[in-house]
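Undergrad: Take a look at this one; I'll ask things after.
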Amino acid sequence: MAEKPKPRSGGAPVGRRAMLGMLGAGTAGLAAAPYLQRGWENFLAAASEVDATGLTGLLPNPGGFRYYSVVGSVPHKNESNYELTVGGLVQKPKTYTLADLRAMPQTRVVHDVVCTDGWRVEKTPFDGVKLADILDDAGVRSPGAAIRFTCFDGAYTESLTLEQARRSDVLVALNMQDKPISHDHGGPVRLYVAPMYFYKSAKWLSGISVTDKVVPGYWEERGYAVDGWLDGADRHSA
Ligand SMILES: Nc1nc2c(c(=O)[nH]1)N[C@H]1C(S)=C(S)[C@@H](COP(=O)(O)O)O[C@H]1N2
Ligand SMILES: [Mo]
């Protein structure tokens, strides 16, 4: 698989020399770095953006995750303004609030999270609504055969076949590691496709549209596999 171009983090670029300086300066130097005003994870994101050498792999990486966004800034959404729109080839188009989603039966999926860039977070719990339940509510109609996901960052998209979307390990996720999904991790609602590489798990999920065929997503238009199965995934489980 071709290496993904480094996603933009929205942070000011950190030159290699500046980053080495910060690494060398220890805690005091890091505390003085302006990036820290925006948090350690944002600093890591800014640093990894220009890190062709893997040096950022030496930095403590809280929780093992890395921050990705293909746009510089993403609006914050919460119970007052979050909406998930379900439409396309369905009998009953519908818009869900966060409260609507929380009121539905919740499913827990625990699986390793794996990014194509080489990092992994083992046995990560996600909780949320099965995508299958949302599709059942809406009633997929002919010739519906795939799903297109859109995001309120205004840029990222993803796709699944209807068969993949109906698996019980595919969630419209509200919680990650037993906490509401944070903004940086794509909250308040992200997709979680446990058996596939993490790029399939669209953050800041805002739209689910049933289509007649797979429409390749953001990274898929840039060379990524549309079927992002992890090694060893059971491609036919329910
Ligand atoms: N909206 C959106 N979703 C996204 C991405 C993105 O850039 N934008 N990156 C994908 C990739 S490549 C990965 S590895 C994970 C990263 O999730 P994290 O930022 O919570 O670690 O989100 C996926 N979903
Ligand atoms: Mo990724």
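Each residue of the sequence shown is one higher than the one before, starting from 1 at the first, in the UniProt record's numbering. Just so you know, even glycine gets a beta-carbon here, dropped at the ideal spot from N, CA and C.
#1: Got a sec? Which residues, its chain only, sit under 7 Å from PRO75 by beta carbon, not counting five neighbours each side?
#2: Give me the residue from GLU122, VAL86, TYR68 and VAL189 with the minimum Cα distance to ALA138.
#3: Report the rounded CA-to-CA distance for PHE65 versus TRP119, giving the unit in angstroms.
#4: May I ask which residues mark the beginning and end of the beta strand (DSSP E) holding TRP184?
#5: So, with DSSP's three-state summary, where would you put ARG190?
#6: Does the distance from the C-beta atom of THR107 to that of MET176 stay below 9 Å?
#7: Helix, strand or coil, according to DSSP, for ARG222 in the structure here?
#8: To which residues of the same chain is PRO216 closer than 7 Å at the C-beta, ignoring the five residues directly before and after it?
#9: Put ALA199 into one of helix, strand or coil per three-state DSSP.
#10: Just to confirm before moving on: does the CB-CB distance between SER237 and ARG166 stay below 9 Å?
#11: Using the Cβ count rule (16 or more neighbours within 10 Å means buried), how would you classify MET22?
#12: Does the distance from the CB of ASP169 to the CB of ALA194 come in under 9 Å?
#13: Suppose you measure from the CA of LEU84 to the CA of GLU221; what does that come to, to the nearest Å?
#14: Quick check on ASP212: does DSSP put it in helix, strand or coil?
#15: Kindly indicate which three-state DSSP category GLY63 falls into: helix, strand or coil?
#16: Closer than 8 Å: is that where the CB of TRP204 sits relative to any heavy atom of ligand 1?
#17: So, under 8 Å CB-CB, LEU162 and PHE126 are touching, yes? Tell me the CB distance rounded to an integer number of Å.
#18: So who's on the other strand from THR107, going by DSSP bridges?
#19: Leaving aside the five residues before and after LEU101 along the sequence, list all residues of the same chain whose C-beta is less than 8 Å from its C-beta, in chain order.
#20: Return the chain-ordered list of same chain residues with a C-beta closer than 7 Å to the C-beta of ILE134, the five sequence neighbours on each side being excluded.
#21: Rounded to whole angstroms, what's the CA-CA distance from ARG141 to ASP112? Just pull it up for me.
#22: Considering only the alpha carbon of each residue, which of ARG148, THR97 and ALA103 lies closest to ASP212?
TA: Result, derived from the coordinates:
#1: As a first step, residue 75 must be located in the sequence shown, where it is residue number 75. If we look at PRO75 and ignore the five residues flanking it on each side, its Cβ neighbours are PHE152.
#2: If you number the sequence shown from 1, residue 138 lands on position 138. The shortest Cα separation from ALA138 among GLU122, VAL86, TYR68 and VAL189 belongs to VAL86.
#3: For this step, residue 65 is matched to residue 65 along the sequence shown. For this step, residue 119 is matched to residue 119 along the sequence shown. Each residue's Cα considered, the two are about 8 Å apart.
#4: As a position in the sequence shown, residue 184 is number 184, starting the count at 1. Just to set this straight, residue 184 is Asp in the shown sequence, not Trp. Counting along the chain, ASP184 falls outside any beta strand (DSSP E), and DSSP gives it neither H nor E.
#5: Here residue 190 refers to the residue found at position 190 of the sequence shown. In this structure, ARG190 counts as strand in the three-state DSSP scheme.
#6: Taking the sequence shown and counting its residues from 1, the one referred to as residue 107 is at position 107. Taking the sequence shown and counting its residues from 1, the one referred to as residue 176 is at position 176. It is not a contact, given that the beta carbons lie outside the stated cut-off.
#7: Your numbering for residue 222 matches position 222 in the sequence shown. Helix.
#8: Residue 216 sits at position 216 when you count from the first residue of the sequence shown. SER159 and VAL226.
#9: Translated into the one-based positions of the sequence shown, residue 199 becomes position 199. It should be noted that the sequence gives Tyr, not Ala, for residue 199. In the structure shown, TYR199 sits in a helix (DSSP, three-state: H, G or I).
#10: Working through the sequence shown from its first residue, we reach residue 237 at position 237. Working through the sequence shown from its first residue, we reach residue 166 at position 166. No, the pair does not count as a contact, with Cβ atoms beyond the cut-off.
#11: Here the question's residue 22 lines up with position 22 in the sequence shown. At MET22 the pLDDT is 47, less than 50, meaning the model places this residue with poor confidence; the figure from the coordinates comes in the next sentence. When all chains shown are included, MET22 counts as buried.
#12: Within the sequence shown, numbered from 1, the residue matching residue 169 stands at position 169. Within the sequence shown, numbered from 1, the residue matching residue 194 stands at position 194. Result yes, Cβ atoms of ASP169 and ALA194 sit closer than 9 Å.
#13: What you label residue 84 is simply residue 84 of the sequence shown in a count that begins at 1. What you label residue 221 is simply residue 221 of the sequence shown in a count that begins at 1. Spanning the two alpha carbons is a distance of roughly 24 Å.
#14: Translated into the one-based positions of the sequence shown, residue 212 becomes position 212. Looking at ASP212 - three-state DSSP - the assignment turns out to be coil, as it is neither helix nor strand.
#15: Position 63 of the sequence shown holds residue 63. Reduced to three states, the DSSP call for GLY63 is helix.
#16: Here residue 204 is taken as the residue at index 204 of the sequence shown, counted from 1. Checking every heavy atom of ligand 1 against the Cβ of TRP204, one is found closer than 8 Å.
#17: On the sequence shown, position 162 is the one that residue 162 refers to. On the sequence shown, position 126 is the one that residue 126 refers to. Not quite, the Cβ-Cβ distance comes to about 21 Å (not below 8 Å), so this is no contact.
#18: Taking the sequence shown and counting its residues from 1, the one referred to as residue 107 is at position 107. According to DSSP, THR107 bridges with GLY128.
#19: Position 101 of the sequence shown, counting from 1, holds the residue named residue 101. Only LEU84, GLY128, VAL129, VAL172, LEU174 and VAL189 meet the Cβ criterion.
#20: By one-based count along the sequence shown, residue 134 stands at place 134. Counting only Cβ-Cβ distances below 7 Å, and skipping sequence neighbours, we find VAL86, VAL172 and ILE208.
#21: Here residue 141 refers to the residue found at position 141 when the sequence shown is read from its first residue. Here residue 112 refers to the residue found at position 112 when the sequence shown is read from its first residue. If I take the Cα positions, the gap works out to 33 Å.
#22: Stepping through the sequence shown from its first residue, residue 212 is reached at position 212. If we check each option's Cα against that of ASP212, ARG148 comes out closest.
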